[in-house]
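First up is the structure itself, then whatever we jot down about it.
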Amino acid sequence: MSNKQASIMMSIRPTWCAAIADGRKHVEVRRTCPNRVVLPVKVLVY
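Residues in the sequence shown are numbered consecutively from 1, following my numbering.
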């Protein structure tokens with residue numbers, strides 16, 4: 001079993017990023033899904 005964890009970088013607008021951090025927004029819906037991602041995944045926001 002591998003200890004590696006997949007990472008994804010997502011660009012999120014500052015308004016939505018603040019709402020996520022405050023807990024007002026819980027889900028970010030995208031039209032496309034990254035290929036070959038195995039859960040669990042770490043999401044890096046920029």
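Where is the CB? At the ideal position from N, CA and C, for every residue including glycine.
For clarity, every value in this text was computed on a predicted model and none was experimentally measured.
What residues are listed by DSSP as bridge partners for residue 7? Taking the sequence shown and counting its residues from 1, one reaches residue 7 at position 7. Answer is 42, bridged to residue 7.
7 Å Cβ cutoff met for residue 8 and residue 34: Numbered from its first residue, the sequence shown carries residue 8 at position 8. Numbered from its first residue, the sequence shown carries residue 34 at position 34. Result yes, Cβ atoms of residue 8 and residue 34 sit closer than 7 Å.
Spatial neighbours of residue 1 within its chain, please: C-beta separation below 6 Å, excluding the five flanking residues on both sides. Residue mapping note: residue 1 aligns to position 1 of the sequence shown, counting from 1. Here residue 1 scores only 49 on pLDDT, less than 50, and its place in the model should not be relied on; the value that follows carries that caveat. Within the same chain, residue 1 has no close Cβ partners at all.
Find out if the Cβ-Cβ distance for the pair residue 41, residue 6 is shorter than 7 Å. Numbered from its first residue, the sequence shown carries residue 41 at position 41. Numbered from its first residue, the sequence shown carries residue 6 at position 6. The Cβ atoms of residue 41 and residue 6 sit closer than 7 Å to each other.
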